[in-house]
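Some notes on the structure that comes next.
Numbering (this note's numbering), first residue to last: 58 to 212.
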């Protein structure tokens with residue numbers, strides 16, 4: 058597992074295309090972070106929702122626009138959508154669980170102000186989200202006859 062993480066990290070660091078994808082992911086994800094952050098705070102601080110309730114509502118809103126933007130803008134994927142939707146939802150369930158757990162830990166357990174606790178949680182989750190979406194959700198097999206130089210080096 059460690060070798061796979063190192064390999065993917067090296068592949069990312071040596072790819073200009075992946076760096077542009079990360080910037081597009083950051084733009085789409087940045088809009089999601091802004092919506093996540095302010096909607097969460099509004100629901101929690103002004104409407105009295107619990108951390109769990111606010112997290113679930115926020116993620117339901119985010120799924121509706123993040124998936125198409127990541128699919129077509131960030132990763133320019135034209136592959137069959139149902140497989141990607143399933144993977145995206147699995148990824149998002151993990152993300153939601155981690156986001157809620159971290160938000161709960163930082164805000165409810167450690168007593169940090171909600172804006173700070175949510176900020177820390179999102180800062181930790183964003184790079185993980187990019188890597189999972191790039192290499193699992195929207196992963197494209199290379200066209201026949203082409204080899205990834207990093208994979209070829211390991212063979």
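Using N, Cα and C, we set each Cβ at its ideal position, and we do this for glycine too.
Everything numeric in this text was worked out from a predicted model, so none of it was measured.
With distances taken Cα to Cα, identify the nearest neighbour of residue 86 among 196, 179, 192. Minimum Cα distance to residue 86 is reached at 179.
Helix, strand or coil, according to DSSP, for residue 130 in the structure here? Collapsing the DSSP output to three states places residue 130 in a helix.
Boundaries of the alpha helix (DSSP H) in which residue 96 is found, first to last residue: For residue 96, the uninterrupted alpha helix (DSSP H) segment begins and ends at 73-98.
C-alpha gap between residue 98 and residue 176, whole angstroms: Residue 98 and residue 176 have their alpha carbons spaced roughly 11 Å apart.
Distance, Cα to Cα, residue 107 vs residue 151? So the two alpha carbons sit approximately 20 Å from each other.
Quick check on this structure: which residue in 139, 181, 138 has the alpha carbon closest to the alpha carbon of residue 157? Selected option, being the one with the closest Cα: 181.
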